[in-house]
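Participant: My structure is below; once you've seen it, I'll send some questions.
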Ligand code: GLU
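Residue numbers (the working numbering): 111 to 571.
If you want it as C-alpha cells, here you go:
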C-alpha cells in the first residue's frame, strides 16, 4: 500500500468512527429509557466502522440514521376478562422496524418484562438476523407484558383474541407476519390465527407462522431454532477440527429452543448435563433425560425442579444463574437476554469453555461478549446462531404461498443449508473487513450490507 493510500485509509476510518459516534449519541438522546435497545444498537455500531470507511456512500444516504428509527411502532390496550370475571388490562406492541427486504417478520413475546425497549431491541436484531437467512423478510417484533404463567386455557384464549382484535389491522401475509417467541407457542398462535380469520373473513394462512400442522404449519418449525443452533455451532467446531461428540454441553432454559438444541446436540454425541427454568436449574451428570423435560415443559406446565422426582441422582440448584457455574465445553444460552454477564463469562472461561452458541436473543452482555472474543472462544452470536427459527418460518410462508407442504427431511435439509450459509457468509464478511474469525463483526456486517443496499435502491422513504 502506498503512503497516500494508507493515509486515505486512516482518514476514512476516522471519518467513519466520528460519524458512528455521532449517530449513536443521537440515538441515545432520542431513546433515553431504552437500555436494551441501545445495547443492541451499540453492538452493531461497534462493527460497522470498516464498512463505512470502505463505502462512504452509506453515510451519504443516511442508511444508519434511517435504520435506527423503526418504520412504525404500534402500542395498544389489551383488555380481557379473567376466570373470576375481573377485567384485566395489558399492553400490546408491534414494532415494524424495517421492510427493505420483505414484509416485517418476527415473533410475539408474552412475558411480564416486555416493554418498548425489549420489543425494539428484538425487532432491531431481527432485521439483521432475517437478512442473514437470505430470505425475503424484513424485521419486526411484538408482544405484551401479559404473563402466561398460571393462566387457564380459556384465559389464554380470551387474551389472544383481544390482542389480535387490534393487531389484525396492522398485519397480513404481504405486510407483517408475526410468529411465536417466549410465552407464545403453537397453541397461542392457533387462538390468534382463529381470531384473525374471523375478523378478516378470509383464510390467509401466510399471516402467521408457527401454526399447527393441520392448518398451514410447517414440519420442523418446532425444532428449527434449537436444531439450527446446533447446526451452526457444528460448523464453528468443524472449522477447528472439533465436533459435539464426547463434549459436555450446557443449555440454559427449557422451552422450545432449549429442548430441541439438547435433542440435536445429544444426537451428535454430546453429553448435555444441565438445563434450567426461571426458578432454578438441574444438573444430571449422566446426561439430561429429555423425555422427562419434554413431559414437564411441553405437555405439562411444571417447574424443572420436578425433574428430581424421576431422577433422584440429579441435583437441583435454586437460582437459574447457577447453571453457568457448572463446568462445560460448549455453552448454549437459550433462556433470555443478558443472562451471561461479565462475571459469568469469566467463570465459563475459567472452567475451560471452548464454544458458546446463542439460542436466546442477546443472552450475553457487551462485556461478556468482549471477553469471549478477546479470549478466542468460538462464539456464535444470536443473530446468526438462532436464525434457524425465523428461516423455517420463511419456509412456512413459502409453503403457504404455493399451497404445498414439504416433508420434514426437505425442510430440515434446507435449514442445514441455510445455517451453513449464514456461517460462511459471516466468516467471509469478517475476513473481508479485517476481523478474521470474529463472527460478531461478520454477522453484523453481512446482515447490514444487504439491508443497506436494498434501502439505498429504494430511495429515501
Ligand atoms: N422469535 C423467533 C426469533 O427470535 C422467531 C421469529 C419468527 O419465526 O418469525 O427469531
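Note that the Cβ used here is the ideal one computed from N, Cα and C, for glycine as well.
Being a predicted model, the structure only gives us computed values, none of them experimental.
At 3 residues or longer, what runs of the beta strand (DSSP E) sit wholly inside the stretch 117 to 178?
Facilitator: none
Participant: Which value, in whole angstroms, describes the spacing of the CA atoms of residue 162 and residue 230?
Facilitator: 24 Å
Participant: Alpha carbon to alpha carbon, how far is residue 264 from residue 158? Give it in angstroms, no decimals.
Facilitator: C-alpha separation (whole angstroms): 48 Å.
Participant: In whole angstroms, what is the alpha-carbon distance linking residue 222 and residue 121?
Facilitator: 47 Å
Participant: How would you label residue 360, buried or exposed, when you count the other beta carbons within 10 angstroms and need 16 or more for buried?
Facilitator: buried
Participant: Whole-angstrom Cβ separation of residue 248 and residue 210, contact assumed at under 8 Å?
Facilitator: 6 Å
Participant: Please go through the same chain and pick out, in chain order, the residues whose beta-carbon is closer than 8 Å to the beta-carbon of residue 473, but skip the five residues on each side of it.
Facilitator: For residue 473, where only same-chain residues beyond five positions count, the Cβ hits under 8 Å are 362, 443, 444, 445, 446, 447, 448, 449, 450 and 492.
Participant: Assuming residue 471 contacts residue 496 (C-beta within less than 8 Å), just tell me the rounded distance between them.
Facilitator: Indeed they touch by this definition, with Cβ atoms about 7 Å apart.
Participant: Please say whether residue 539 and residue 564 have beta carbons closer to each other than 9 Å?
Facilitator: no
Participant: Give me the Cα-Cα distance between residue 201 and residue 350, rounded to the nearest whole angstrom.
Facilitator: 47 Å
Participant: Leaving out the 5 sequence neighbours to the left and right, which residues in its chain are closer than 7 Å to residue 284 when beta-carbon positions are compared?
Facilitator: 213
Participant: Quick one: what's got a C-beta closer than 7 Å to residue 322's C-beta in the same chain, skipping five residues either side?
Facilitator: For residue 322, same chain residues with a beta-carbon under 7 Å away, outside a window of 5 residues either side, are 296 and 300 in chain order.
Participant: Are residue 397 and residue 382 close, meaning C-beta to C-beta below 9 Å?
Facilitator: Yes, these two residues count as a Cβ contact at 9 Å.
Participant: Would you say residue 464 touches ligand 1, meaning its beta carbon is less than 8 Å from a heavy atom?
Facilitator: no
Participant: Below 6 Å CB to CB, which residues in the same chain sit around residue 335 once its five sequence neighbours on both sides are set aside?
Facilitator: 367, 496, 498 and 499
Participant: Among the residues of its own chain, which have a CB less than 6 Å from the CB of residue 454, if the five just before and after it don't count?
Facilitator: 434
Participant: Taking only beta-carbon positions, decide if residue 317 is within less than 9 Å of chain B.
Facilitator: The question asks about chain B, but that chain is absent: this structure has only one protein chain.
Participant: Quick check: what's the CA-CA separation for residue 509 versus residue 239?
Facilitator: For residue 509 and residue 239, the distance between alpha carbons rounds to 21 Å.
Participant: Please find out if some non-hydrogen atom of ligand 1 comes closer than 8 Å to the beta-carbon of residue 335.
Facilitator: yes
Participant: Out of 181, 165, 126 and 141, which has the shortest C-alpha to C-alpha gap to residue 155?
Facilitator: 126
Participant: Rounded to the nearest angstrom, how far is the Cβ of residue 133 from that of residue 175, given a contact under 8 Å?
Facilitator: The distance from the Cβ of residue 133 to that of residue 175 is about 6 Å, consistent with a contact at the 8 Å cut-off.
Participant: According to DSSP, is residue 273 helix, strand or coil?
Facilitator: helix
Participant: Under the assumption that residue 414 contacts residue 390 (Cβ atoms under 8 Å), give the Cβ distance between them as a whole number of angstroms.
Facilitator: Approximately 7 Å separates the beta-carbon atoms of residue 414 and residue 390; this is inside 8 Å, confirming the contact.
Participant: Would you tell me roughly how many angstroms separate the C-alpha atoms of residue 354 and residue 536, rounded to the nearest one?
Facilitator: 21 Å
Participant: Roughly how many whole angstroms lie between the Cα atoms of residue 325 and residue 302?
Facilitator: Distance from the CA of residue 325 to the CA of residue 302, rounded to the nearest whole angstrom, comes to 13 Å.
Participant: Using only the alpha-carbon positions, how far apart do residue 272 and residue 190 sit?
Facilitator: 6 Å
Participant: Using C-beta distances below 8 Å, list every residue in its chain close to residue 185, excluding the 5 sequence neighbours before and after it, in chain order.
Facilitator: The answer, listed in chain order, is 201, 202, 203 and 226.
Participant: Please report the distance separating the alpha-carbon of residue 298 from that of residue 266.
Facilitator: 7 Å
Participant: Identify the continuous alpha helix (DSSP H) that holds residue 527 and give its terminal residues.
Facilitator: 518 to 542
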